[in-house]
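Novice:
The following block contains the structure:
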């Protein structure tokens, strides 16, 4: 027994020692980046699937999201209709291969976007609301039919002219739907009013809908008075599925109708019956994107009943106010109620209902909510994995905030969609874009995307119309794994624990819903447009740039908060305060809840002013009184020296000020000072410490001490991790002012690192800092350059004394070349002794593999191109080899100039990001100058040391 106890004690000691080592978290399938996988025309086969998936797995992708889209011209015989038996066979084959290769699989619940297709007929398609008005005086009749003439309209993705009358109204019955590329179709139709109301100058409205005869004439004479007639007409909005695959073409669904969604999803239930789909992790929906059509999808057949149930009054009694033809304040309030009802319907009948359907199938739901005419935070919070896209960090925060507030493990991003024009983005550009997502709290990257391309397809293979091409034809593909390894290392940390932000910034949607505009609905996609110039925008931007850590929160999410030594949400993290950004309107229940939190001990911050009024029309005076009663409990004292006024309520307080920084400081909110030095950051807590993801967002290198607001006073050790190189080690730390933790960090422009703190003591090597001990020494001599892979032709080998872009040598073959070249040079070991050297390649266009004396040192993807060399690796005479891969652009330019057809795609074919690159409606690069390519240097060696200088 004693022997067993000894062995057990030794085992525990060894386990503790291993645990105490500074290590990278394990790389999992989920911590690797995933990619949207375009199945063009669903023209896939088993051999092609296996080849492509092996390439993806070898490159370091963790998973794929299958999204079928439009097809490729010439491959029509290989098209497989979406959800057909053959399509399902290909899906099952994919799932089996993915399991063998260790790849995860998500599946879009449709082709292209938004949800819709051939089974969506008029009753379940998106609707639009038309109206007409008449003015009647005294005993008068309407002298014309009270009908509405909906005009025909056709818009196509490829800008071809199509006459609506030539299209069959049952869209699925039309031939050549891929070639038609229908984006929106409205047919000419005479609409009868589903509601016709007469409003007297004084008195009660009269419903005269039943007085309309079979010919559309109103058989009703207005009594003696002035009357306004308002007719409402329900028409088909006509929005089609964008970028639809074969078998997926058709109308977009009515997102406000539970029956429409159920009908749509029943097609999947039928296709899935008897199939083993255990390999699917999640179902996906692309962004709402119904709002980019003419008119609005702003109605659903049961809207009036839903409005009456949810708002407590009959909208039919107040149609002039809905149409902004009544008193100004009433107009705003009825419009608010209309928008709030749409908000609730899309949340309940689409988002939550779809989530329930996914749960029945045992799958998660991944959703892009942006673009919806509803509160994005609530839509994102209702599903499993919120997903964002774009290039604005504050836009990203709507998805990540919902994840943080609700305690969801993952927040994903459709990443690197349009960074630059086609063929002009390198992996270094992609890396910079991905960093922004991760700084906002995204921890599940999805590239947009990779194309299924048959192995036999001619260069450049099958391509998607967005501008970054993650495909095997890209010369940079061989170095794609370095980018993926970087993302996996970052996400291995970012998927730990939970985001640790301090402030909940109230999303003032009632102010927007109360604001009239050109259209009935507003669609939300971040801060741009809807909140431009608002105090909300100012507060968010100021907090972001100054280093205050915050999340957005909605009314619904606020209702679920409690006070437990801070603001507790439904997630794990506890926030320090809630900030209201000078919003005018707030519901009485929301503000009453804030008062209750304050009574329990919370501090609530009011930027500039407290809310003044409640939104909406129903029981207005009653709700106003409730709000005023809550507001009356705020007895503000005189402002202090910083302009902050306090109102004590129970155990807590409200603070109000015109200066956002003074207000936050008074509320005990400290900013991360690193932001002032050009360092952006994302902070997380995990059991045992904290994690910081840092990026140098300036064009200058940063070498110095960073003060980090590491929570708690129990930190025993701090480690640094470089996710690009894989280097790790214990950091140099010191105590700053007031005992703050300071960490020494070295970051080149746009370089990132991860700081991990530990409550327990850690063992391990020190982080390999780098300090120059001498001046850079340029490697000079004869560079031998040979072209190894690419096209259209391999240039002849050359020797150069001076490095320059191969595209500008004056050699037409080199100017046209996209591919990989090997640069070789022999150099003597520098006479200066040094334990380590920094090899800097200077300018590289675009990626580089570096070899020294036959040993690979690194794959460099930018934006920095340097690698450390141990002094012992240098011999008296050394051979440096650099394999450089450039962009696809020069070969594409060559093809354009020689009339070689590669734009062979249905639907949108190839759109251009910049209008200057449009020709005959499609992308064209024939006018481009050759893009810089190769190793441009200067290539230098700098003696370095990792010995930290004495302070």
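Residue numbers (the numbering used here): -1 to 949. Cβ atoms here follow ideal geometry from the backbone N, Cα and C, with glycine treated the same way.
Quick check on DSSP: helix, strand or coil for residue 4?
Specialist: Locating residue 4 in the chain shown gives position 6, counting from the first residue. Legend: pLDDT at residue 4 = 44, less than 50; position of this residue unreliable, no value from coordinates given.
Novice: Determine the direct distance from the alpha carbon of residue 483 to that of residue 489, and round the result to whole angstroms.
Specialist: Indexing the chain shown from 1 puts residue 489 at position 491. Indexing the chain shown from 1 puts residue 483 at position 485. Straight-line Cα distance between these residues: approximately 10 angstroms.
Novice: Where does residue 139 land, buried or exposed, given buried means 16+ other C-beta within 10 angstroms?
Specialist: What you label residue 139 is simply residue 141 of the chain shown in a count that begins at 1. By the neighbour-count rule (16 or more Cβ atoms within 10 Å), residue 139 is not buried but exposed.
Novice: Rounded to the nearest angstrom, what separates residue 0 and residue 96 at their Cα positions?
Specialist: One-based indexing of the chain shown puts residue 0 at position 2. One-based indexing of the chain shown puts residue 96 at position 98. Any reading at residue 0 must be qualified, since the residue scores a pLDDT of 43, below 50, and its modelled position is unreliable; no value is offered.
Novice: Going by C-alpha to C-alpha distance, which of 548, 588, 633 and 616 sits closest to residue 951?
Specialist: In the structure as shown, the chain begins at -1 and stops at 949. Residue 951 is therefore absent and cannot be evaluated.
Novice: Which residue comes first and which comes last in the alpha helix (DSSP H) that contains residue 932?
Specialist: In the chain shown, residue 932 corresponds to position 934, counting from 1. Premise fails: residue 932 lies in the beta strand (DSSP E), 932 to 935, not in any alpha helix (DSSP H).
Novice: Which same chain residues end up closer than 7 angstroms to residue 435 when comparing Cβ atoms and leaving out the 5 residues on each side of it in sequence?
Specialist: Here residue 435 refers to the residue found at position 437 when the chain shown is read from its first residue. Closer than 7 angstroms at Cβ, skipping near neighbours: 394, 411, 413 and 443.
Novice: What is the rounded straight-line gap between the Cα of residue 652 and the Cα of residue 505?
Specialist: By 1-based counting over the chain shown, the position of residue 652 is 654. By 1-based counting over the chain shown, the position of residue 505 is 507. C-alpha separation (whole angstroms): 18 angstroms.
Novice: Buried or exposed for residue 805, going by 16 or more other Cβ atoms inside 10 Å?
Specialist: On the chain shown, position 807 is the one that residue 805 refers to. Flag for residue 805 reads buried.
Novice: Taking all protein chains shown into account, do 16 or more other C-beta atoms lie within 10 angstroms of the C-beta of residue 15, making it buried, or fewer, making it exposed?
Specialist: Translated into the one-based positions of the chain shown, residue 15 becomes position 17. Confidence in residue 15 is poor, its pLDDT being 40 and thus under 50, which makes the residue's placement too unreliable to answer from.
Novice: What does the alpha-carbon distance come out to for the pair residue 402 and residue 496?
Specialist: Taking the chain shown and counting its residues from 1, one reaches residue 402 at position 404. Taking the chain shown and counting its residues from 1, one reaches residue 496 at position 498. Rounded to whole angstroms, residue 402 to residue 496 spans 7 angstroms at the Cα level.
Novice: Mapping the DSSP letters down to three states, classify residue 849 as helix, strand or coil.
Specialist: Within the chain shown, numbered from 1, the residue matching residue 849 stands at position 851. Strand at residue 849.
Novice: When the Cα atoms are used, what is the spatial distance from residue 849 to residue 398?
Specialist: For the purposes of this step, residue 849 is taken as the residue at position 851 of the chain shown. For the purposes of this step, residue 398 is taken as the residue at position 400 of the chain shown. Computed Cα separation, rounded: 41 angstroms.
Novice: Using the C-alpha atoms, what's the distance from residue 366 back to residue 168?
Specialist: Here residue 168 refers to the residue found at position 170 of the chain shown. Here residue 366 refers to the residue found at position 368 of the chain shown. Roughly 29 angstroms between the two C-alpha positions.
Novice: With a cut-off of 8 angstroms on the beta carbons, I'd call residue 464 and residue 58 a contact; round off their distance for me.
Specialist: Mapped onto the chain shown, residue 464 falls at position 466. Mapped onto the chain shown, residue 58 falls at position 60. Wrong, their Cβ atoms sit about 21 angstroms apart, outside the cutoff.
Novice: Is the beta carbon of residue 879 less than 8 angstroms from the beta carbon of residue 923?
Specialist: Here residue 879 refers to the residue found at position 881 when the chain shown is read from its first residue. Here residue 923 refers to the residue found at position 925 when the chain shown is read from its first residue. Not in contact: residue 879 and residue 923 (Cβ atoms no closer than 8 angstroms).
Novice: Report the rounded CA-to-CA distance for residue 106 versus residue 536, giving the unit in angstroms.
Specialist: For the purposes of this step, residue 106 is identified with residue 108 of the chain shown, where counting begins at 1. For the purposes of this step, residue 536 is identified with residue 538 of the chain shown, where counting begins at 1. Cα to Cα, residue 106 sits roughly 37 angstroms from residue 536.
Novice: Return the residue from the list 336, 343 and 441 that minimises the CA-CA distance to residue 383.
Specialist: Here residue 383 is taken as the residue at index 385 of the chain shown, counted from 1. Out of 336, 343 and 441, 441 has the C-alpha closest to the C-alpha of residue 383.
Novice: By DSSP's criteria, residue 732 is part of a beta bridge. Which residues make up the other side?
Specialist: Translated into positions along the chain shown, residue 732 becomes position 734. Its beta-bridge partners are 740.
Novice: Roughly how many angstroms separate the alpha carbons of residue 337 and residue 508, rounded to a whole number?
Specialist: Working through the chain shown from its first residue, we reach residue 337 at position 339. Working through the chain shown from its first residue, we reach residue 508 at position 510. Whole-angstrom Cα-Cα distance: 10 angstroms.
Novice: Nearest by alpha-carbon distance to residue 950: which of 351, 832, 476 and 236 is it?
Specialist: This structure leaves residue 950 out entirely; the chain is present only between -1 and 949.
Novice: Which word fits residue 514, buried or exposed, when buried means at least 16 other C-beta atoms lie within 10 angstroms of its C-beta?
Specialist: Along the chain shown, read from residue 1 onward, the residue named residue 514 stands at position 516. Residue 514 comes out exposed.
Novice: Spatial neighbours of residue 187 within its chain, please: CB distance less than 6 angstroms, with the 5 preceding and 5 following residues excluded, ordered by chain position.
Specialist: On the chain shown, position 189 is the one that residue 187 refers to. Same-chain partners within the cutoff: 148.
Novice: May I ask you to verify whether the segment 930 to 946 touches the segment 835 to 852, counting CB pairs closer than 8 angstroms and requiring at least 3?
Specialist: yes
Novice: So, residue 738 versus residue 728, is the Cβ gap smaller than 8 angstroms?
Specialist: If you number the chain shown from 1, residue 738 lands on position 740. If you number the chain shown from 1, residue 728 lands on position 730. For residue 738 and residue 728, no; Cβs fall outside 8 angstroms.
Novice: In angstroms, rounded to a whole number, what distance separates the CA positions of residue 135 and residue 362?
Specialist: Residue numbering aside, residue 135 sits at position 137 when the chain shown is read from its first letter. Residue numbering aside, residue 362 sits at position 364 when the chain shown is read from its first letter. Roughly 60 angstroms between the two C-alpha positions.
Novice: Taking the runs of the beta strand (DSSP E) that are 3 residues or longer, which of them lie wholly in the segment 394 to 463?
Specialist: Entirely contained in the segment 394 to 463, the beta strand (DSSP E) runs reaching 3 residues are, in chain order, 410 to 413 and 442 to 449.
Novice: Taking 8 angstroms as the cut-off, decide whether the C-beta atoms of residue 237 and residue 288 are in contact.
Specialist: In the chain shown, the residue the question calls residue 237 occupies position 239. In the chain shown, the residue the question calls residue 288 occupies position 290. Yes.
Novice: What's the gap between the Cα of residue 500 and the Cα of residue 682?
Specialist: Position 502 of the chain shown, counted from the first residue, corresponds to residue 500. Position 684 of the chain shown, counted from the first residue, corresponds to residue 682. When rounded, the distance between both Cα atoms is 11 angstroms.
Novice: Provide the residue(s) that pair with residue 33 in DSSP beta bridges, ordered along the chain.
Specialist: Mapped onto the chain shown, residue 33 falls at position 35. Beta-bridge pairing links residue 33 to 62 and 445.
Novice: Would you list the one or two residues that DSSP bridges to residue 138?
Specialist: Here residue 138 refers to the residue found at position 140 of the chain shown. Paired residue(s): 220.
Novice: Have a look at 777, 344, 319 and 342 and flag the residue whose alpha-carbon is nearest the alpha-carbon of residue 332.
Specialist: As a first step, residue 332 must be located in the chain shown, where it is residue number 334. It is 319 whose Cα lies nearest to the Cα of residue 332.
Novice: So, at 7 angstroms on beta carbons, what are the nonlocal neighbours of residue 946 in its own chain, with the 5 sequence-adjacent residues on each side left out?
Specialist: Position 948 of the chain shown, counting from 1, holds the residue named residue 946. Once the five neighbours on either side are set aside, the close Cβ partners of residue 946 are 730 and 767.
Novice: Return the first residue and the last residue of the beta strand (DSSP E) that residue 690 is part of.
Specialist: Residue 690 sits at position 692 when you count from the first residue of the chain shown. Note, residue 690: beta strand (DSSP E), 687 to 694.
Novice: Quick one: what does DSSP say residue 268 is sitting in, helix, strand or coil?
Specialist: Here residue 268 refers to the residue found at position 270 of the chain shown. Of the three classes helix, strand and coil, the one that applies to residue 268 here is helix, per DSSP.
Novice: Let me know if residue 404 comes out buried or exposed under the rule of 16 or more other beta-carbons within 10 Å of its beta-carbon.
Specialist: If you number the chain shown from 1, residue 404 lands on position 406. When all chains shown are included, residue 404 counts as buried.
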